[in-house]
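Following UniProt numbering, the numbering of the sequence shown begins with 1 at its first residue and continues without gaps.
The beta-carbon is built from N, C-alpha and C at its ideal position, and this holds for glycine as well.
Quick caveat: nothing in here was measured; it's all calculated off a predicted structure.
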Amino acid sequence: MNLNRGYLADFLSLLFPQLCEACNEKLSGQEKLICTNCLYHLPYTNFHQQADHIVAQQFWGKIALEASYALFYFTKGGKVQRLMHHLKYKNKPQIGTLLGQIAGNQLVVNDKLKSVDVIIPVPLHPSRMRKRGYNQSEHFANGLAERLKAIVSAKNLVRSKATETQTQKSRYARFENVKSVFVIKNPEALAGKHILLVDDIMTTGSTLESCGQILLQIEGVKLSIATIAYAE
Numbered sequence: 001m002n003l004n005r006g007y008l009a010d011f012l013s014l015l016f017p018q019l020c021e022a023c024n025e026k027l028s029g030q031e032k033l034i035c036t037n038c039l040y041h042l043p044y045t046n047f048h049q050q051a052d053h054i055v056a057q058q059f060w061g062k063i064a065l066e067a068s069y070a071l072f073y074f075t076k077g078g079k080v081q082r083l084m085h086h087l088k089y090k091n092k093p094q095i096g097t098l099l100g101q102i103a104g105n106q107l108v109v110n111d112k113l114k115s116v117d118v119i120i121p122v123p124l125h126p127s128r129m130r131k132r133g134y135n136q137s138e139h140f141a142n143g144l145a146e147r148l149k150a151i152v153s154a155k156n157l158v159r160s161k162a163t164e165t166q167t168q169k170s171r172y173a174r175f176e177n178v179k180s181v182f183v184i185k186n187p188e189a190l191a192g193k194h195i196l197l198v199d200d201i202m203t204t205g206s207t208l209e210s211c212g213q214i215l216l217q218i219e220g221v222k223l224s225i226a227t228i229a230y231a232e
């Protein structure tokens, strides 16, 4: 029976080969979602080994952070853009979970980030959530939580109104676009916690800043941020 299943799996793989989500080449052996070559050569930032990197600098004088992080650099036309496109628009939430696990392996050795209690994904508005079916940042959070041994809180921070797309907006316009759109339903549950706020891609950081300002109003909260990618 198991032998027959093996033959069937091999036959199906010939008809419908599994392809790397980053480079579109055929996966082999035990590879899942992303091939070994891409996993090795993707543009990692290694921000977990630095303190004053470019993402941290974006928030200086704006919100107080314990630590900040992005897994990859994002460039137009690159493999990370392809991964993000498949994650958000091709119904591949498992990509987010895998990238969260990879990021978590880096962050678990960071003294400031391994103490995280709660991971909060930047929320989608309910209308966008219904259209997409899932929040890509929540899947990234789930992967992180596996490695950091933290809990994911995906329903406490909510987006109270839909906003326009941030694409092509200036930093000021981006911040105005998301100002006062986030609400915390149960702040007492987060009091005294080290919160890791996560999103998929960071450009100006306006969305993270807006969320962070709300979270830091809670008594005793320490805040860090992490994203899958940083777009220079």
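Residue i vs residue j beta-carbon contact at 8 Å
i	j	result
ALA229	VAL80	yes
LEU208	VAL122	yes
VAL118	ILE195	yes
TYR134	PRO93	yes
LEU157	ILE63	no
residue 233	ALA145	Nothing about residue 233 can be read from this structure; the chain reaches only from 1 to 232.
Where the beta strand (DSSP E) containing residue i begins and where it ends
i	result
HIS139	Looking at the DSSP string, HIS139 is not in any beta strand (DSSP E); the run it does join, the alpha helix (DSSP H), is 136-148.
ILE54	Run containing ILE54: none in the beta strand (DSSP E); it sits in the alpha helix (DSSP H), 54-58.
SER68	68-74
PRO187	First-last for PRO187: undefined, no H or E at that position.
ILE195	194-202
Whole-angstrom distance between residue j and residue i, CA atom to CA atom
i	j	result
LYS114	GLN57	21 Å
ASN37	LEU197	30 Å
PHE20	GLY220	One detail in the question is off: residue 20 reads as Cys in this sequence, not Phe. In a straight line, the C-alpha of CYS20 is about 43 Å away from that of GLY220.
HIS53	LYS112	15 Å
VAL181	LEU99	28 Å
TYR172	CYS211	The predicted model places TYR172 with a pLDDT of 46, which falls under 50 and marks its position as unreliable; any figure quoted below should be read in that light. Using only the alpha carbons, I get a separation of about 16 Å.
GLU25	LEU33	11 Å
ARG159	PRO126	8 Å
SER28	LEU39	14 Å
GLN136	LYS76	19 Å
GLU164	PHE59	Unreliable placement is indicated for GLU164, whose pLDDT of 48 sits below 50; the coordinate value is still reported in the next sentence. Their backbone Cα atoms lie some 23 Å apart in a straight line.
TYR69	PHE47	6 Å
GLU232	ILE218	31 Å
ILE201	LEU71	10 Å
LEU148	LYS185	25 Å
Bounding residues of the alpha helix (DSSP H) (the contiguous stretch that carries residue i)
i	result
residue 237	One cannot answer for residue 237 here, as it falls past the ends of the chain, which runs 1 to 232.
PRO43	Taken as a continuous stretch (DSSP letters only), PRO43 belongs to no alpha helix (DSSP H), as it is neither H nor E.
LYS131	126-132
ALA231	No alpha helix (DSSP H) holds ALA231; the beta strand (DSSP E) holding it covers 222-231.
PRO121	Counting along the chain, PRO121 falls outside any alpha helix (DSSP H), though it belongs to the beta strand (DSSP E) covering 118-121.
LEU215	206-215
> If you pair each beta-carbon of the segment 124-143 with each one of the segment 85-94, do three or more pairs fall below 8 Å?
Replying inline: yes
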